[in-house]
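Trainee: Everything in the sequence shown is counted per our numbering, starting at 1 for the first residue and increasing by one.
Structure in structure tokens, see below.
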Amino acid sequence: MKLKCTYTGGGGTEHDAGIWEKKETPKTITLTLSEEPFFEPNYNIVKVKKETRNEKRGDIRYHGYGDVLIDNEDGTYTAYPQQCGIPYYFEPL
């Protein structure tokens with residue numbers, strides 16, 4: 001599945017973070033940068049463990065390998081690579 005990624009910078013400016021590909025295995029979810037934008041983003045992979053699934057807040061959250069991934073249950077995702085504090089937003093193409 002291909003996803004378009006954006007992130008919001010410090011001044012509230014939205015930046016293109018390229019096209020990413022989502023791959024799932026029985027144990028992990030991995031988002032990998034497949035088409036780089038004009039400016040290289042700070043991160044190019046987000047990987048989480050499915051066994052860390054948490055549904056307490058009305059959405060589905062995963063973590064592991066230093067990353068956090070939130071499944072918004074509408075086909076979109078929010079990720080915090082290496083728990084950086086800058087959200088990366090993913091939506092289907």
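Glycine included, every Cβ here is placed at the ideal spot set by N, Cα and C.
1) Could you name the residues that DSSP lists as bridge partners for N54?
2) DSSP on P81, reduced to helix/strand/coil?
3) Less than 8 Å separating the beta-carbons of P41 and G66?
4) Would you kindly check if the distance between the Cβ of L69 and the Cβ of L3 is under 8 Å?
5) Which residues in the same chain as I60 place their Cβ atom closer than 8 Å to its Cβ, once the five residues preceding and following it in sequence are excluded?
6) In chain order, what residues of the same chain lie with their CB nearer than 6 Å to the CB of L31, ignoring the 5 residues before and after it?
7) Quick one: what's got a C-beta closer than 6 Å to Y43's C-beta in the same chain, skipping five residues either side?
8) By a C-beta neighbour count over all protein chains shown, 10 Å radius and 16 as the cutoff for buried, is F38 buried or exposed?
Mentor: In this structure, then:
1) Counted from its first residue, the sequence shown places residue 54 at position 54. Among the bridge pairs identified by DSSP, N54 is matched with R61.
2) Locating residue 81 in the sequence shown gives position 81, where the first residue counts as 1. In the structure shown, P81 sits in a helix (DSSP, three-state: H, G or I).
3) Start at 1 with the first residue of the sequence shown, and residue 41 comes out as number 41. Start at 1 with the first residue of the sequence shown, and residue 66 comes out as number 66. In this structure, the beta-carbon distance from P41 to G66 does not fall below 8 Å.
4) Here the question's residue 3 lines up with position 3 in the sequence shown. Here the question's residue 69 lines up with position 69 in the sequence shown. Contact annotation: L3 and L69 have beta-carbon atoms that are not nearer than 8 Å.
5) Along the sequence shown, read from residue 1 onward, the residue named residue 60 stands at position 60. Within the same chain, and ignoring the five residues on either side of I60 in sequence, the residues whose Cβ sits closer than 8 Å to its Cβ are R53, N54, I70, D71 and E73.
6) Taking the first residue of the sequence shown as 1, we reach residue 31 at position 31. Cβ within range, chain order: W20, K22 and V46.
7) Stepping through the sequence shown from its first residue, residue 43 is reached at position 43. Around Y43: P81.
8) In the sequence shown, counting from the first residue as 1, residue 38 sits at position 38. Burial call: exposed.
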